[in-house]
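Just so we're aligned: the sequence shown equals residues -15 to -1, 1 to 505 in mature numbering (1 follows the signal peptide of the UniProt record, and there is no 0). For glycine and all other residues, C-beta sits at the position ideal for the given N, C-alpha and C. Structure first, commentary second.
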Amino acid sequence: MVAAFSRVLACLVAAVSPPTGPHRSARAAHAPWRAGGPSNTSRRGRDEVPRALRFYAYGGSLDMSWLKRCAGFHELINSADGEGMQEVHLYSSLRAHPYRTRDASTASLFYIPLWEYASFRLGTCNGTSHADRMASAHAALQRSPYFRRSAGADHFWASSMAIEVTYAPVKPAARWLKYRIAEYVDKRGAPPEGMHLVTASLQQRISPLGKLLAQTSVGRMKAFGRTPHGSGREPGSIGRCTFDMGHQPNQVALRLFKPAAPRPTLLYFAGGLDVCCTGKKVRCEVGQLLLESAADVHVDIGVRGDVLRSLSTTLNLPTQPCTMKALTLLARKREQPLSELVRALKAAGGQDDANSSKYETMGKMMASSVFCLCPAGDLCTTSRFVTAIAAGCIPVVLCDGLHGPFGAREGSHLSPVPYSSFWVKYSTASFIRRPAGVLELLRAMSPAEVSRHQAALRAHRHQILLQLPGSQAGTRFLEEVADCVELNVGANGNATRPHSDARASRLPKAEAPTLLRAPV
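Shown next as structure tokens:
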């Protein structure tokens, strides 16, 4: 294994020159996609491909791209549940990528097209279950000499979220939760007889692959950094190094984007107010914007179906205090009894973003808004942020520690996406003290300033969104993987990616990246 690591590191070190200045690495200087310039990867010859980025893609049982022919695949992509389908778009981006080699012996990196999220959500297809597919992938990886020589340290894949909700048989539920996923049933329908909802971690969903993939690099829509050796790790943080590759954006917003489209709405937000962790305080205060009487400010609070059902029988909401606070404000604004407001919301189908009509409405509204409010949820990173970029809507970020997909990270020498050129990052503490202040800031921006933000957003969308023609996000993904391999081994085997939003807020500035090298 030591010899294998040495070969990988030799490739990486040979491809990376010493820094050529205080703010930029040599590799970034020779990579125009890192500086936001036009991509020329399609014109590169085989000999010009950076050795550290040359990758081989597995086939056979490890290539799950055939799942796109399964019933329900297209419906899944075009729904709110499709936010975890970045694994699909990464495959499309890398399938014909100029850095791909068909000769595994010449590769420095190895791509596993493991569509774990799509497989889990689609269930049984073509005579195989999700559990069958994970078991076949496990057996195939164990047979791979390239995987065995480095224990997967030069392998990478894409994943989705840490926890998914599904149904399981009532009686064996405890055993199911402890060991593995036995069967998946679509949670969007009525619970089947003899089943109940359970939660499934990433470890459970990909069993028995979890331990085998422990040394790999993983692009995630919510990245969890690895905890220090021996102290355990988050249930969704499989892999030696994970990084933020973003969510799949709302597909309606992506399709409707037009550079010169009219945007009559100044500020738009739709979503829930009661979240945990990072965004708990700031999300609660978003409800205060319901008092804004301006016609160009549109705020839809996320009252989901279960909340509406509870409100239809009682107005006591002990577990949804922020939603209740916002509903009370809205009822007061409309001079309407709270019970009538609840009935009206229920008749309108609530504000459930899993509902197809709400999903479409959200996409249309973001594509016709100048600014989109992007407060933190459970973490800083949210699908709303990526959708704002897809829609051409300037993100108004309410999370001080957000760096964005392919953004700045501790220890990385790669040039990050220049989000500061187009987002509006508003102090979380300032918003909590006085939510109306963000509206005053946005209204005070001159048309020229707004135009500059919009132009910068348009210029950098292709560095973030995998689905765009000519997207450079696939190349950014490969550079993140190569950086992970070098970073982790160069730091004595421990990842130094941020493990929490609190730590992320204390990271060094992106303008002074650090190049970590493997010990000689």
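- Closest in C-alpha terms to Q236, from the list L463, S405, T109, L451, comes L451.
- Note on P401: 16 or more other CB atoms within 10 angstroms of its CB, so buried under the neighbour-count rule.
- Contact check for L315 and V282: beta-carbon distance about 13 angstroms, past the 8 angstroms limit, so the pair fails to qualify.
- In this structure, A255 keeps its C-beta atom at 8 angstroms or more from the C-beta atom of M146.
- Taken atom to atom, the span from the alpha-carbon of Q439 to that of K243 is near 12 angstroms.
- One thing to note: P420 has its Cβ no nearer than 8 angstroms to the Cβ of E178.
- As the crow flies, the alpha-carbon of F95 is around 5 angstroms from that of Y41.
- Following the DSSP letters along the chain, one finds H59 inside the alpha helix (DSSP H) bounded by residues 58 to 62.
- If you draw a straight line from the Cα of R268 to the Cα of L126, it is about 43 angstroms long.
- Between P83 and L47, the C-beta spacing is not below 8 angstroms.
- Residue ranges of uninterrupted alpha helix (DSSP H) with 4 or more members, entirely inside the region 226 to 298 and ordered along the chain, are 236 to 241, 265 to 270, 290 to 298.
- Using a Cβ distance threshold of 8 angstroms, Y344 and A65 count as a contacting pair.
- Taking all protein chains shown into account, D117 has fewer than 16 neighbouring C-beta atoms within 10 Å of its C-beta and is therefore exposed.
- Between A143 and L75, the CB-CB gap stays under 8 angstroms.
- A straight-line Cα-Cα distance of about 48 angstroms links L326 and S202.
- Within the region 337 to 382, the runs of alpha helix (DSSP H) that reach at least 4 residues and sit entirely inside it are, in chain order, 341 to 352, 368 to 376.
- Sorting G389, R319, Y43, R54 by C-alpha distance to the C-alpha of F141 places Y43 at the top.
- The straight-line gap separating the alpha-carbon atoms of M351 and A89 is approximately 44 angstroms.
- Remark: C-beta atoms of L424 and L383 do not approach each other more closely than 8 angstroms.
- Beta-bridge partners assigned by DSSP to G392: none are found.
- Under DSSP, W142 shares a beta bridge with V203.
- Residue environment analysis places E33 among the exposed positions, since fewer than 16 neighbouring C-beta atoms fall within 10 angstroms of its C-beta.
- Inclusion of R39 and T86 in the CB contact set at 8 angstroms is warranted, their separation being smaller than that value.
- Between M49 and I62, the gap from beta carbon to beta carbon reaches 8 angstroms or more.
- Less than 8 angstroms divides the Cβ of Q233 from the Cβ of E68.
- C-alpha of A136 to C-alpha of L197: approximately 8 angstroms in a straight line.
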